[in-house]
Each structure stands twice: as structure tokens, then as C-alpha cells.
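The sequence shown begins at 1 in this note's numbering and counts up one residue at a time. For reference, the structure discussed in these notes is given below.
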Amino acid sequence: MSGGGVAAGAVATRRPSGKDAPAAGTATFERLESEVRIYCRSFPVVFVAARGYRLIDETGREYVDFVSGAGSLNYGHNHPLIKRRLIEYLERDGVTHSLDMYTAAKREFLERFEELILRPRGLQYKVQFTGPTGANAVEAALKLARKVKRRTEVIHFTNSYHGLSLGALAVTGSRSKRLAAGVPLAHATVVPFDGHPAGRGDSLAQLAALLDDPSSGLDQPAAVIVETVQAEGGVNVASRDWLRRLAALVRAADALLIVDDIQLGCGRSGRFFSFEEAGLEPDLVCLSKSIGAFGMPMALLLIKPELDAWRPGEHTGTFRGNNLAFVAATAALELYWRDDGFCREVQRKSKLAMRRLQEIAAARPGLGAAVRGRGLILGLQLPAPGMATAVARAAFARGLVIETAGPRDEVLKVMPPLTIDEDGLRHGLDTIAAALDEVPAPAPAEVIGES
Ligand code: PMP
Numbered sequence: 001m002s003g004g005g006v007a008a009g010a011v012a013t014r015r016p017s018g019k020d021a022p023a024a025g026t027a028t029f030e031r032l033e034s035e036v037r038i039y040c041r042s043f044p045v046v047f048v049a050a051r052g053y054r055l056i057d058e059t060g061r062e063y064v065d066f067v068s069g070a071g072s073l074n075y076g077h078n079h080p081l082i083k084r085r086l087i088e089y090l091e092r093d094g095v096t097h098s099l100d101m102y103t104a105a106k107r108e109f110l111e112r113f114e115e116l117i118l119r120p121r122g123l124q125y126k127v128q129f130t131g132p133t134g135a136n137a138v139e140a141a142l143k144l145a146r147k148v149k150r151r152t153e154v155i156h157f158t159n160s161y162h163g164l165s166l167g168a169l170a171v172t173g174s175r176s177k178r179l180a181a182g183v184p185l186a187h188a189t190v191v192p193f194d195g196h197p198a199g200r201g202d203s204l205a206q207l208a209a210l211l212d213d214p215s216s217g218l219d220q221p222a223a224v225i226v227e228t229v230q231a232e233g234g235v236n237v238a239s240r241d242w243l244r245r246l247a248a249l250v251r252a253a254d255a256l257l258i259v260d261d262i263q264l265g266c267g268r269s270g271r272f273f274s275f276e277e278a279g280l281e282p283d284l285v286c287l288s289k290s291i292g293a294f295g296m297p298m299a300l301l302l303i304k305p306e307l308d309a310w311r312p313g314e315h316t317g318t319f320r321g322n323n324l325a326f327v328a329a330t331a332a333l334e335l336y337w338r339d340d341g342f343c344r345e346v347q348r349k350s351k352l353a354m355r356r357l358q359e360i361a362a363a364r365p366g367l368g369a370a371v372r373g374r375g376l377i378l379g380l381q382l383p384a385p386g387m388a389t390a391v392a393r394a395a396f397a398r399g400l401v402i403e404t405a406g407p408r409d410e411v412l413k414v415m416p417p418l419t420i421d422e423d424g425l426r427h428g429l430d431t432i433a434a435a436l437d438e439v440p441a442p443a444p445a446e447v448i449g450e451s
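Written as C-alpha cells, this is what we have:
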């Protein structure tokens, strides 16, 4: 996750008014919290409340949120109906933590997920509850694929992001994040993603030829892992045709197709799953972030039933039974996924935002800006080094929380809650336009870091 190109100075610490009054400002974090923190460097205020697409800091200032918890808040902050369900559940002493024991809350989630998500899409999956991070769902997918296929190698793509634990990091692109592993990252082969310059037009044809040639030197892979839209990698959208060809190629190689829908799932793409549009049926699907509906930690691996080769406890973890996440997830499924109304709403807002971003780019031809994306994850690429970072910083000063993505933090990533209203969306996009006009294009010599 880039999270970070928008470094700005710390907000001055305000003096507590009385002896026992809590400190205000950011000094406590700077003194006590590890240097590893990142998002807070771009948004150096202290947030105290949040509603829908709005964040409020401790001075009472409001911000429009175009980051949405990196995709964990598709239904916005503190959704009132989901919150009500959570409060009711807590008030009747519902089980909150249950390892992977059976609970009524988990049963209800599984039944709703089957009824409202899997069945209407003609999909059949077993559900594995992994540890609650995206990275853990990816670890589970890689382990299971290797176990089923009895092979070690996995193919991944340039600019991919699958998480920062060692297995997931081995299939993640960012050089700086890979270096932080401290050990060699093995058993992964990178291939150019759709449109990546290294692919020279058709990386899949090259991959197919390598897999087909028994002396190419490329070992037969257990799996191929892909994001249909690379979010952290710069909002790179794979075409429907490319995805279909990839799926056919994976099948021909007798490997498994893993779709990482951790950031693009739960409606972000304009459908519940991002692979629906291309008509794929991945062998394994990683889901996390917004499946917990309220920012509640939860991650899933969806497994084609015939591939569920786990033995009990082979991939376990303490926090796989977050019942508050089950309750919130069930509420969101019932509220938003009974029909395709929500998808149509996301698609409508996507068009509106895409049009406005294209206008913004066209009105400033000197910037060489490019717009891309799908659903409500859109990117405004600003090729001048440091430009996107500077614009994000200026936008924050104007009350918009927005991050950068891409290998050189060159893309402004527009990712509001899917529930945002048109006023909020327009306001956020207008703030980007105003921030663009305020920031001079940086000198070409200015060097920028990696995400
Ligand atoms: N996969 C994708 C596509 C992601 O966007 C992310 C997080 N940005 C992850 C995996 C890792 O998730 P987590 O940070 O919860 O481990």
C-alpha cells in the first residue's frame, strides 16, 4: 500500500487545558508509536469521529474520505443500520470471539452469503475463515494451491500487491517492500500485467509459449495469482479479454487461478466480485477488507469444493471467529445485496466520477494526465515526478483525504465509500481540481521514492 507519498509536517500539539485533560495533537504518536506508521504521515491530524464519507478531526474540521480504509469501508463509516445490529448483538451478550467454533452469528453469515452472493451467481465455493488480514487469506490460498498441485511455483504480475507476510510478499511487486523481508523470497515468477511496458503488447502469449515448451526453464506452476484491477499498483485495469485468456491459459497449464479480490471485492468494481464481468470462475478467491462491512477485521478464502484438501487445523489462527464481523457482514449483505440496485448505483457514480476526472484532465493538457479505473476505484495518473503526492497534500489541506498509488506514487487514487452521495463525490472531485491548480508541476530532476 502506498499510503504514504503525502508527507507533511506534524500538527502542533495543543497544550492540555487541565492536569488530567487528554493531550491533543500528534506528539504522543511521534513519541511512542513505531516509525513503521505510514498513513498518518500523509494525514497528520487526530481523527475523533466518522460518518458515511466524512471524517472529523479533534479540532472539529470535516474531511471527505476518498481512501475508505484502503477499501474496508465500502459502506461508509458507522453505517447506522449496521451499527444498530452490532449494538443489539452486544447488548444481548452475543458471543464475540469463538475461534472456529460454531456460532449462530457465523451460521447466519454463511447462509446469507450462500443465498445472496453465491447462489444468484451460480458459484459454488466452500468458505475458509482465515486470520483476519488480507495477507492471511493470500497465505492460505498459496499454501492450498501448492498442497493440491504438489508444486511450489506461483506466477504473479508486475505491480501486484498481495500483502506483506512472506508468502504474500513473494508474489508482491514493490521492491522496497520486498527488501524489508530480510530473507530471499522464493518460488514466485513475475510476468508483465496487462498493459505493462515489459509485456510489449502480449505477455500472455509469451507466458503460454514458455509453459508449452518443455525445455523453456519455467517450472510448471501450482497457481497464478491476479488482481483484476491492481489497486495499490496504480489502478491498473486488466481487460476482460486479457482476463479470459489468462483463465484459459491457467487451465491449460493444469494450474489454479487465484483471484485476489481483497480490495476490489464487495462491490468496489461495480459487481460483488470483480471477476464477474469477465465471466471467470476462479479456483480460489481471497476476500477481506469490506466483507467485514464496518471496518471489522475478517478475511475469507473461497475454495472450489473439490479443492478443499485441508486437513483439520493445517491453516489455523486465533482470530478467525470475529462474530462482530459476521454480524456486520450479514447486515450489509441483507441491506445491499438482495438485488442489483446497489451495483447499478455504483456504476452510475462511477460514470459520473470518470467523466468529471476526464474533464479535469482535459482542461489541463499540460499535465499529461490520464484517467483509468473501474467501478469506484479510479486513478488520475500525473506523470511529472512528485506531482500526485503534492496534489494529494494540497487536497488534504482543502479537506480531502486521498492517497497515491503506483510504483512511483504517480497516481491519485479515488476510492470513496460506495455509499457516497453525488454531492460528496462532486465535492471531492472538485477539491482535486482545485488542488491541481494550486500545485506547480515539479522540476523533472525531483526524485521520488517507491510505494
Ligand atoms: N491484497 C490486496 C489486493 C490488497 O489491496 C491488500 C491490502 N491493501 C492485501 C492483499 C493485504 O491485505 P492486508 O493489508 O489486510 O494484509
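No residue lacks a Cβ here, since even glycine has one placed at the ideal position from N, Cα and C.
Straight-line Cα distance separating residue j from residue i
i, j, result
"ASP283", "ASP260", "11 Å"
"LEU280", "LEU32", "47 Å"
"LEU436", "ALA362", "13 Å"
"ARG175", "GLY399", "32 Å"
"GLU88", "GLU62", "29 Å"
"ARG320", "GLY131", "5 Å"
"GLN263", "ALA434", "28 Å"
"VAL327", "LEU99", "15 Å"
"SER68", "ILE420", "11 Å"
"GLY234", "GLY379", "7 Å"
"ARG374", "ARG251", "26 Å"
"ALA140", "THR172", "15 Å"
"LEU123", "LEU287", "15 Å"
"ALA49", "LEU429", "23 Å"
"GLY199", "VAL190", "11 Å"
"LEU302", "MET387", "39 Å"
"LEU357", "PHE273", "25 Å"
Closer than 7 Å: residue i CB and nearest the ligand PMP heavy atom
i, result
"GLY79", "With the sequence shown as reference, residue 79 is identified as His, and Gly is not the correct amino acid for it. No."
"VAL229", "no"
"GLN220", "no"
"HIS162", "yes"
"ILE262", "yes"
"VAL138", "yes"
"ALA252", "no"
"GLU232", "yes"
Close Cβ partners of residue i (< 6 Å) along its chain, the five nearest in sequence each way excluded
i, result
"ALA370", "GLN381"
"THR431", "ALA395, ARG398 and LEU400"
Residue i - DSSP class collapsed to helix/strand/coil
i, result
"LEU357", "helix"
"ARG268", "coil"
"ASN78", "coil"
"ALA402", "Residue identity differs from the one stated: residue 402 is Ile in this sequence, not Ala. In the structure shown, ILE402 sits in coil (DSSP, three-state: anything other than H, G, I, E or B)."
"ASN236", "strand"
"ARG61", "coil"
"LEU457", "Examination of residue 457 is not possible in this model, given that the chain is present from 1 through 451 alone."
"GLY3", "A caution first: GLY3 carries a pLDDT of 42, below 50, which makes its placement in the model too unreliable to give a value."
"GLY292", "helix"
Nearest residue (CA-CA) to residue i, options the options
i, options, result
"LYS126", "LYS304, ALA278 and PHE326", "LYS304"
"THR105", "TYR336, PRO417, LEU436 and ALA331", "Per the sequence shown, residue 105 should be read as Ala rather than Thr. Comparing Cα positions, the closest option is ALA331."
"GLN206", "GLY233, ARG245 and GLY182", "ARG245"
"GLN128", "THR316, ARG364, VAL64 and ALA390", "THR316"
"VAL148", "GLU306, MET387 and LEU110", "GLU306"
"ALA299", "ALA329, VAL439 and ARG338", "ALA329"
"HIS79", "ARG178, ALA253 and ARG51", "ARG51"
"ARG150", "SER239, ALA388 and ASP254", "ASP254"
Nonlocal neighbours in the same chain, by C-beta distance under 7 Å from residue i, ignoring five residues either side
i, result
"ARG146", "THR152 and ALA222"
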